[in-house]
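Numbering (the UniProt record's numbering), first residue to last: 1 to 305.
See below for the structure under consideration.
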Ligand SMILES: [Zn+2]
């Protein structure tokens, strides 16, 4: 059985008509998972309510400034607004974003308990959110907060984050790059939004690996880099937990980037991860073409069964 942590509440972060990061993304994935040949092997779990997680706010404040968290709450309480041109906040967005953090924390618990993979199917995504600013559709830095939480658990000394979203996770990197117990590795289209993620950015402890790829790259470009750089880096770090910022916008069909991966290629990525550890928490980031997004999540999960 593979746990998938999901709530219909995640549909209540409203981004308006025509926004690529919309509730329909999750509906498409849930529908595809329920129709999958392996549907009976998925253990659906609701995230723990935020009120039942008293440590959540202190974890949130390890990643974000109090001023930013307060500002986000105030924008939502006022009925909504924008953090930047790409990043709407609706009346429910603050509460939904907190529940998404809770889901990622539950994911850490379930992976460490079962020593097997789990998938967090939540939104809003997180990897662009910086300490003091949400941006790029992202409100809270879910992956970094999950890493901080994992490091509080017994027998967890090192956490690696692999970010295979097509965009560089500037927020995650900025929040964890001074933490020697956290490694961050991103493979992303370059040049592309948000403009960060040069190979020369290595973190304060050589704990960051950025692998920029040119637009148009397909699996034949990714595979040698996975084998020669990315997986040796992660393997050498010997993580007690591997968190995957699982964005699926490097698909050829994706409207927001220019890469040429196919859904089954994410199955190959997953195989590499499973070669490092079975303690893997996958959490959804981007991916905006409903069909390839859904098929890619299926490919990821099927390899873990
Ligand atoms: Zn992305």
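Note that beta-carbon positions come from the ideal geometry of N, C-alpha and C, so glycine has one too.
What you are looking at is a predicted structure, and each value in this text was computed from that prediction instead of being measured.
Beta-bridge analysis with DSSP links residue 137 to no other residue. Contact annotation, residue 155 with residue 240: C-beta distance approximately 7 Å; criterion of less than 8 Å satisfied. Partner residues in the beta bridge of residue 130, as assigned by DSSP, are 133. Inclusion of residue 150 and residue 183 in the CB contact set at 7 Å is not warranted, their separation being larger than that value.
Among the bridge pairs identified by DSSP, residue 42 is matched with 2. The residue among 170, 206, 174, 171 with its C-alpha nearest the C-alpha of residue 180 is 206. Rounded to the nearest angstrom, the gap between the Cα atoms of residue 174 and residue 89 is 22 Å. By the Cβ criterion, the region 98–105 is in contact with the region 37–57, since at least three pairs of Cβ atoms, one from each stretch, lie closer than 8 Å. For the pair residue 187 and residue 18, the Cα-to-Cα distance works out to about 27 Å. If you draw a straight line from the Cα of residue 39 to the Cα of residue 274, it is about 21 Å long. Per DSSP, residue 169 has no beta bridge partner at all. Between ligand 1 and residue 188, a heavy atom-to-CB distance of less than 6 Å is absent. Inter-residue distance for residue 229 and residue 261 is about 19 Å (C-alpha atoms, whole angstroms). Distance from the CA atom of residue 297 to the CA atom of residue 23, rounded to whole angstroms, is 16 Å. For residue 305, same chain residues with a beta-carbon under 7 Å away, outside a window of 5 residues either side, are 2, 38, 41 in chain order. In this structure, the straight-line span from the alpha carbon of residue 139 to that of residue 55 is close to 19 Å. Beta-bridge partners of residue 160 (DSSP): 183, 242. Residue 118 is bridged by DSSP to 281.
Between residue 146 and residue 203 the beta-carbon gap is near 18 Å, outside 8 Å, which marks them as no contact. The count of Cβ pairs closer than 8 Å, one atom from the region 278–285 and one from the region 125–141, reaches three, so the stretches are in contact. Under DSSP, residue 212 forms a beta bridge with 188. Contact check for residue 253 against residue 292 passes: the beta carbons are separated by less than 7 Å. Per DSSP, residue 267 is one residue of the alpha helix (DSSP H) stretching across 263–274. Under the three-state reduction of DSSP output, residue 84 falls in the strand class. Within the same chain, Cβ atoms closer than 6 Å to the Cβ of residue 130 are found at 171, 174, the five residues on either side in sequence being excluded. In this structure, residue 197 sits near residue 168, with a CB-CB distance shorter than 7 Å. Put simply, the backbone Cα of residue 118 is about 11 Å away from that of residue 242. Beta-bridge pairing by DSSP links residue 89 to 81. Taking C-beta atoms under 8 Å as the contact rule, residue 276 and residue 231 qualify, at a distance of about 7 Å.
Under the three-state reduction of DSSP, residue 142 is assigned to helix.
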